[in-house]
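First up is the structure itself, then whatever we jot down about it.
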Amino acid sequence: MSVRVPRIAPSEITPPEVYFNRRTLLAGALAAGASSLLRAEPAGAPGATLNYTRNARYSVSEQPNKFEEIAGYNNFYEFGTDKESPSENAHTLKTRPWTVTVQGEAEVRGTFDLDDLLKNQPLEERIYRFRCVEAWSLVVPWVGFPLSDLLARFKPTARAKYVEFTTLYDPHQMPGQRSPILNWPYVEGLRMDEAMHPLTLLVVGLYGRVLPNQDGAPLRLIVPWKYGFKSVKSIVKIGFSTYQPRNTWNIAAPNEYGFYANVNPQVDHPRWSQASERRIGAPFFAARRPTLMFNGYAEQVASLYQGMDLRRNF
Ligand SMILES: Nc1nc2c(c(=O)[nH]1)N[C@H]1C(S)=C(S)[C@@H](COP(=O)(O)O)O[C@H]1N2
Ligand SMILES: [Mo]
104 MSVRVPRIAP
114 SEITPPEVYF
124 NRRTLLAGAL
134 AAGASSLLRA
144 EPAGAPGATL
154 NYTRNARYSV
164 SEQPNKFEEI
174 AGYNNFYEFG
184 TDKESPSENA
194 HTLKTRPWTV
204 TVQGEAEVRG
214 TFDLDDLLKN
224 QPLEERIYRF
234 RCVEAWSLVV
244 PWVGFPLSDL
254 LARFKPTARA
264 KYVEFTTLYD
274 PHQMPGQRSP
284 ILNWPYVEGL
294 RMDEAMHPLT
304 LLVVGLYGRV
314 LPNQDGAPLR
324 LIVPWKYGFK
334 SVKSIVKIGF
344 STYQPRNTWN
354 IAAPNEYGFY
364 ANVNPQVDHP
374 RWSQASERRI
384 GAPFFAARRP
394 TLMFNGYAEQ
404 VASLYQGMDL
414 RRNF
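What follows is the structure, given as structure tokens:
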């Protein structure tokens, strides 16, 4: 993973309302002429509006990044390794119908339609800090719901100590999977107490609208106190296990990427410092900002790691 400056000029930045309207109008006009413009988009269509409530308690007060910054500068190697590639290529991903398979140490297992799982699930907007291991950061108004809400419905057994998440594997829709850049499909894992923590989110939206494909539609994980690679995208499988699962970046470079991946300014990456970060969209000459312990969420999560050597468990 290398660091590159986004190719977004301030003049190119459009408010999300304008962006979505433009796309909706275009799609509608192309599909069936002007009469379709007033028809509501089907649930789950990229850019469709979501019903949600704002959660101020779990939101930071920093200014969120622009929509174009969040949806135009991505890591999603299934659609290419450049930060601009996912926004250019991820339109080939079909996000409906979508199923999630639940397996392992749980009483309720099986394959579930995503829209059935989302039915009656209240959604919240939460403004979270996001810190990539490559030392860039964002502030993002996600729309989603606590992972614990969903996991509880599957009734994990007492033997379930970890949860493993798997991204879709389909090289036809995800051209990056035709090359062995990573060990496909992308997998990630959490300890059960991390998964059940109230800050841990499953995300379906951004800026009040259905998540753009490049940001991990239709369902992606967000663990705000961990490096971005934990936040696995386009999830099709959730498995409860007795053992600590491997995770994709740990398989790729075990000495560089651990299982825990907690944001920690005191523990450097072997090839660069983690003490500071660059906020995407900030003027190039702006000073880097100091990285905060647990990405600023120490008060809420430090107790999860009490007594652990965070240098060893990186
Ligand atoms: N399936 C999948 N999930 C993934 C990745 C990926 O390449 N494939 N990249 C990860 C990394 S390294 C980061 S920093 C975040 C980026 O999320 P964003 O593009 O929404 O900012 O997604 C994570 N989830
Ligand atoms: Mo990342």
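When we follow my numbering, the leftmost residue of the sequence shown carries the number 104, and every step to the right adds one. All C-beta atoms, glycine included, are put in the ideal place defined by N, C-alpha and C.
243 is the residue among 243, 175 and 237 whose C-alpha sits nearest the C-alpha of residue 167. Put simply, of 176, 281, 389 and 157 the residue whose alpha carbon is nearest the alpha carbon of residue 315 is 176. Per the C-alpha coordinates, the member of 291, 146 and 313 positioned closest to residue 338 is 291.
Residue 177 has its CB no nearer than 6 Å to any heavy atom of ligand 2. Remark: fewer than three beta-carbon pairs, one from each stretch, lie closer than 8 Å, so the region 281-298 and the region 219-230 are not flagged as touching. Distance from the CA of residue 354 to the CA of residue 362, rounded to the nearest whole angstrom, comes to 10 Å. Taking 6 Å as the cut-off, the C-beta of residue 340 does not count as close to any heavy atom of ligand 1.
Under the three-pair Cβ rule at 8 Å, the region 389-403 does not count as touching the region 303-315.
Counting only residues of its own chain and dropping the five nearest sequence neighbours on each side, residue 320 has a CB closer than 6 Å to the CB of 198 and 314. The beta carbon of residue 238 is closer than 6 Å to those of 380 in its chain, skipping five residues each way along the sequence.
Residue 228 is bridged by DSSP to 157 and 246.
Ligand 2 never approaches residue 233 closely enough for any of its heavy atoms to be under 6 Å from the residue's Cβ. For residue 338, the enclosing beta strand (DSSP E) covers residues 338-344.
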